[in-house]
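What follows is a set of notes on a single structure, which appears directly below.
Residue numbers (our numbering), protein chains in the order written: chain B, 1 to 264; chain R, 1 to 264.
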């Protein structure tokens with residue numbers, strides 16, 4: 001059914017971030033936002049401004065970014081998915097699409113996000129996994145990582161874990177869950193929270209790795225979470241290990257109710 | 001133990017072929033052979049000429065290419081693996097290494113090779129799989145593919161399946177096994193044989209896909225295998241679906257007995 005009234009589209013995206021300068025439009029670099037907006041403009045003939053739930057940094061991947069945008073007229077879900085993918089490069093895909101309520105806003109409506117950070121146990125990830133994992137030459141102490149992750153859960157001032165250049169404003173965030181899990185050679189940090197400061201997940205990983213290597217104690221992490229002035233966080237872990245995995249909304253994750261999926 | 005006598009090295013390699021112009025050295029393009037020889041020269045200080053078991057085309061991947069080369073002095077397996085990987089880009093990895101007998105020759109000593117060709121059932125492979133699979137919009141008839149694969153087994157003149165520009169010479173090859181298998185969204189053609197003509201696996205796939213789509217009959221394939229003058233083979237399937245999976249020798253696959261593996 002087509003109509004002349006404007007409608008809100010809600011898409012779920014995945015990308016290999018290797019060659020992108022992150023989500024947000026920049027004047028002199030190729031970003032996900034720009035690539036998507038250009039593909040949607042070619043498809044619809046409209047100038048499209050997309051809102052992304054997460055503003056990921058250069059080199060970070062996504063398996064479930066959610067975006068919203070307004071179109072001047074109704075659209076078919078299948079045509080939107082496959083038409084956009086036709087105009088997009090193969091390293092950026094629309095996985096699912098839905099029509100959303102007028103007040104849906106991919107960033108402001110989000111209630112939780114999940115990120116995953118993937119380490120490779122060993123020095124030699126195979127070429128197919130190398131863009132998505134970070135090798136750890138010394139096998140990290142898994143018990144210590146698990147204990148560190150448990151400390152992160154809850155509401156804390158994460159200012160020490162933000163990067164310079166992050167937006168000013170409140171630095172308290174609530175983490176719902178944080179854990180490490182093994183999957184073959186991969187050692188994966190899964191963290192969900194209502195929101196994250198810029199660079200926060202990568203510094204959480206870098207700090208936990210210092211801990212697992214004995215360069216920092218669990219107590220010093222607990223102190224830092226209780227008092228942002230208590231010390232310094234660890235370094236940022238490399239971007240390529242990080243992926244935005246899922247975005248949750250009150251009505252469900254990803255493209256939400258009534259969505260059509262591309263794969264299958 | 002180091003010695004001044006020359007020794008033969010035997011390596012097992014994997015690569016993502018996306019940005020390479022194939023295995024064999026070329027004057028004006030980046031190839032796997034050249035990239036490997038340059039890394040080994042930097043590591044050893046010797047000019048190294050490597051022999052590859054399979055001479056894969058541009059865009060074809062490998063999970064188990066085997067190469068051999070002569071070094072002027074003995075070497076440590078661990079130093080060879082990690083030293084070479086240090087000098088190689090992340091999309092080309094040494095997976096395992098061994099010292100080989102003086103008469104070992106990666107191509108001439110090979111007794112069998114396995115290739116796999118990966119289709120994606122659906123229009124939208126996720127970005128991480130997109131470089132390694134070829135989408136099939138219409139789901140191919142799996143029973144027909146299975147019957148076609150069975151026809152390929154045995155000794156046939158595969159001249160119709162070679163590409164122009166292939167080396168002159170005998171075109172009879174023995175195929176040991178050929179089958180299609182499913183793995184999630186992937187539909188995989190596995191074929192092992194004592195050797196393959198240039199472009200042969202991709203045209204075997206293209207021909208079977210014509211068959212599965214009803215554009216060709218099983219009888220016409222049987223006729224073509226019995227008499228190379230009976231007709232034309234199908235088109236080449238795209239390079240990115242193909243990978244050299246394993247090379248077998250009398251003493252075992254890959255880097256062989258006494259080899260050290262990089263991963264783990």
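For glycine and all other residues, C-beta sits at the position ideal for the given N, C-alpha and C.
Membership of residue 39 (chain R) in the alpha helix (DSSP H) is indicated by the continuous run 32-44. Contact with chain B is absent for residue 23 (chain R), since none of that chain's Cβ atoms lies less than 8 Å from the residue's Cβ.
The DSSP-derived three-state label of residue 197 (chain R) is coil. The beta carbon of residue 123 (chain R) sits closer than 8 Å to some beta carbon of chain B.
The residues 21, in chain order, have a CB closer than 7 Å to that of residue 29 (chain B) in the same chain once the five nearest residues on each side in sequence are set aside. In chain order, 127 make up the part of chain B whose C-beta sits under 8 Å from the C-beta of residue 92 (chain R). Residue B:46 holds the alpha-carbon nearest to the alpha-carbon of residue 73 (chain B) among B:86, B:66, B:46, B:51. Taking 7 Å as the cut-off between beta carbons, none of the residues of the region 46-75 of chain B comes near chain R.
Selection B:157, B:133, B:40 evaluated against residue 170 (chain B) yields B:157 as nearest (Cα-Cα).
Distances from the CA of residue 242 (chain B) to each of B:198, B:51, B:95, B:84 were compared; the closest alpha carbon is that of B:198. Residues of the region 172-188 of chain R with a C-beta atom less than 9 Å from some C-beta of chain B are 185, listed in chain order. Using a CB distance cut-off of 8 Å, residue 255 (chain R) does not count as an interface residue toward chain B. Judged by DSSP secondary structure, residue 222 (chain B) falls within the alpha helix (DSSP H) whose first and last residues are 218-226. Taking a C-beta distance under 8 Å as the contact criterion, residue 61 (chain R) and residue 132 (chain R) qualify as a contact pair.
Our two residues, residue 111 (chain R) and residue 249 (chain R), have alpha carbons roughly 5 Å apart in a direct line. Straight across, the Cα-Cα distance linking residue 213 (chain R) with residue 36 (chain R) is about 41 Å.
Contact check for residue 54 (chain B) against residue 23 (chain B) passes: the beta carbons are separated by less than 8 Å.
Remark: C-beta atoms of residue 134 (chain B) and residue 233 (chain B) do not approach each other more closely than 8 Å.
With a 10 Å radius around the Cβ and a threshold of 16 neighbouring Cβ atoms, residue 101 (chain R) comes out exposed. With a threshold of 8 Å between beta carbons, residue 263 (chain R) makes contact with chain B. Cβ neighbours of residue 216 (chain B) within its own chain (closer than 8 Å, five residues either side excluded): 207, 210, 234.
Inclusion of residue 10 (chain B) and residue 256 (chain B) in the CB contact set at 8 Å is warranted, their separation being smaller than that value. Sorting R:14, R:7, R:42, R:246 by C-alpha distance to the C-alpha of residue 126 (chain B) places R:14 at the top. For residue 144 (chain B), the uninterrupted alpha helix (DSSP H) run begins and ends at 142-152, by DSSP.
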